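Data block below; observations after.
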């Protein structure tokens, strides 16, 4: 009797210990992950802001207002304003083609869209230098016409377009494929033209994916370093973007100013992250509503309210 | 003539979906396009709608050749199998979509949508979104949306496929009532022969891209034009016969009256209700054991096992079954009253009446 009771007790203790040990393991793993994130992500990011404000707020604002830094900021914005809308249009068109049509070369198009991801940014930049540089056939011909591509803003815009190409398309293609084209066909049977169908039916249904793609595209357009660096020529005040300016300031031993400009980019990253999280949450909520929709409301009696002689 | 198809063909790559299909539909008719999957019935429906274009042949709607008329200009209402409601719009805007696109005045749109909500039993649901509706409600919104602009034709693609069985029955009856009130020429595609028989006045039966037969439910059941139709509509018993000593027989069962030569191999088909049964073993010619008896409400479906091991399906009313005191496992005598020869090319011989 006594042995059985002690057996049960020790078994109980062992099982309690088992779950306690598990909990301990869970907590330690979580701590490692959080610690990792803290040390490698949060601390450096926070440090950017700390360093930027090291010489006080006035210095911070002066550094940002410096004509060369201000020119860099403007150029970054211009590149984003060029790249994002164009890639939005491209992404929409490419996703529509790929999701809705069958044509020879479709697989090739899908591969090409993914190309900028797999190519190193420096190589991307070099590609354009070789293609449009003064030594190339195309570059020479354009220079003869007075058009400067490489080491000038047009080249930087082209390169930014290239590296941000996939973002919108990659977000839209799976969404369009998953949805199928029945709603669009329905719109056609109701008398809508192709454009009306696209505007009223297709676009509203992909709006979250579209916004998400635009946000990612924008973040990359503003933050790109390697490819733009190769193509820009680094002419201070003319062909420096914010990332390039940061590097330049740092190399000139003006660390605090460098961090000041960098803090703007970091702020951009945080805002992008916040908007991304918000969009993901909203899309998940909408998806959940659609999934759980059926059967929520009781079926109203068919024909209730319809008189025995329905009028057309 | 509301719709006419003449020798319409359509192939998808190598696959010939529709071969030389011709038929006519009268104004205000309710026609079912029936057939198994891949028989071409949906392709025919979509060609009438304008969602597909025929490779050859002509399609006429109200006397006008519409082969190349785009779907937007055909003035049809199409109801998709999975409803295809616009998920980002509420019920009101879904139904109003076709009217908005056709530039109706706002007041007219509101009146029309309210009218349809009432007609289809959707009052008070105008603000709801498709994901907040049940299957049956979504189906009715899809129909309302298709009817909004007063189309000449209403086309439904397996309208009750995605709905619960119980609701399907209600919706079928409701569709018949709706059609008799509206009198819009209506075509619907189904693979369910019961549904086709119940709902429509005429059935067009498709198989492998061809139109096998078109006629009233009674006609296609009692006078099928070929073996496919006979097997698809209702149940058909099929037996393999051999001609010996001048008589076509299958084991112990003889089928006189079939033109054949000695040694020929034939096939014969007969309906379950052509089998007569009696508990009196001397009353009819052959013997069988009731292997299974299935209770189906007012009908009993019987599976008879012959001494040779053959299976024959028979049918009798529940009353008769009880009256004769029949039971599973019991041996009965039976005879086959009517049967037809099934020719190798799929055609049917004339009906033979035997004692």
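Chains as they are written, first to last, in the numbering used here: chain C, -2 to 309; chain X, 9 to 363.
Ideal Cβ placement from N, Cα and C applies to all residues, glycine included.
Bear in mind that the values here come from a model prediction, so they are computed numbers and not experimental data.
- Annotation: the continuous beta strand (DSSP E) that includes residue 27 of chain X extends over 23 to 33.
- Here residue 110 of chain C really is in contact with residue 91 of chain C; their C-beta atoms are around 6 Å apart, less than 8 Å.
- Only residues of its own chain outside the window of five on either side were considered, and among them 85 have a CB closer than 6 Å to the CB of residue 155 of chain X, listed in chain order.
- Pairing residue 266 of chain C with residue 243 of chain C gives a Cβ-Cβ distance that is not under 7 Å.
- In this structure, residue 166 of chain X lies near residue 198 of chain X, with their beta-carbon atoms less than 7 Å apart.
- Closest by C-alpha distance to residue 70 of chain X, out of X/11, X/130, X/138, X/142, is X/11.
- Closest option to residue 179 of chain C, judged by alpha-carbon separation, among C/160, C/165, C/161, C/202: C/202.
- For residue 151 of chain X, the CB contacts under 7 Å within the same chain, skipping 5 residues up- and downstream, are 87, 128 in chain order.
- A straight line joining the alpha-carbon of residue 239 of chain C with that of residue 58 of chain X spans about 55 Å.
- The beta carbons of residue 341 of chain X and residue 292 of chain X sit closer together than 7 Å.
- Residue 145 of chain X is classed as buried because its beta carbon has at least 16 other beta carbons within 10 Å across all chains shown.
- Per DSSP, the continuous beta strand (DSSP E) segment holding residue 41 of chain X begins and ends at 38 to 42.
- Look at residue 319 of chain X: its C-beta is not under 7 Å from any C-beta on chain C.
- According to DSSP, residue pairing for residue 18 of chain X in a beta bridge involves X/26.
- Leaving aside the five residues that flank residue 241 of chain X on each side, the residues in its chain whose CB is nearer than 6 Å to its CB run, in chain order, 201, 228, 229.
- Within chain C, the residues placing a beta-carbon under 8 Å from that of residue 88 of chain X are 179, 182, 183, ordered along the chain.
- Against residue 196 of chain X, chain C offers no close residue; the least beta-carbon distance is about 15 Å (beta-carbon pairs closer than 9 Å).
- When DSSP assignments are scanned along the segment 133 to 210 of chain C, no uninterrupted stretch of beta strand (DSSP E) that is 3 or more residues long falls wholly within it.
- In this structure the segment 192 to 207 of chain C does not touch the segment 116 to 124 of chain C; the number of beta carbon pairs closer than 8 Å is below three.
- At least one CB of chain C lies nearer than 7 Å to the CB of residue 92 of chain X.
- Here residue 294 of chain X carries a strand assignment [DSSP, helix/strand/coil].
- In the three-state scheme derived from DSSP, where H, G and I count as helix and E and B as strand, residue 25 of chain C is classed as helix.
- Taking a C-beta cut-off of 7 Å against chain X, the contacting residues of the segment 186 to 202 of chain C are 186, 187, 188, 189, 190, 193, 198, 201, 202, listed in chain order.
- In this structure residue 231 of chain C is not in contact with residue 246 of chain C, their Cβ atoms being roughly 12 Å apart against a cut-off of 8 Å.
- In chain order, 184, 187, 189, 197 make up the part of chain C whose C-beta sits under 8 Å from the C-beta of residue 105 of chain X.
- According to the DSSP assignment, residue 243 of chain C belongs to the alpha helix (DSSP H) that extends over 239 to 248.
- Close CB contacts of residue 356 of chain X within its chain, under the 8 Å cut and outside five residues either way in sequence, are with 232, 233, 234, 235, 238, 277, 348, 349, 350 (chain order).
- At a cut-off of 7 Å between beta carbons, residue 80 of chain X contacts chain C.
- The beta carbon of residue 339 of chain X does not come within 7 Å of any beta carbon belonging to chain C, so the residue lies off that interface.
- Around the beta-carbon of residue 129 of chain C, 16 or more other beta-carbon atoms lie within 10 Å, marking it buried.
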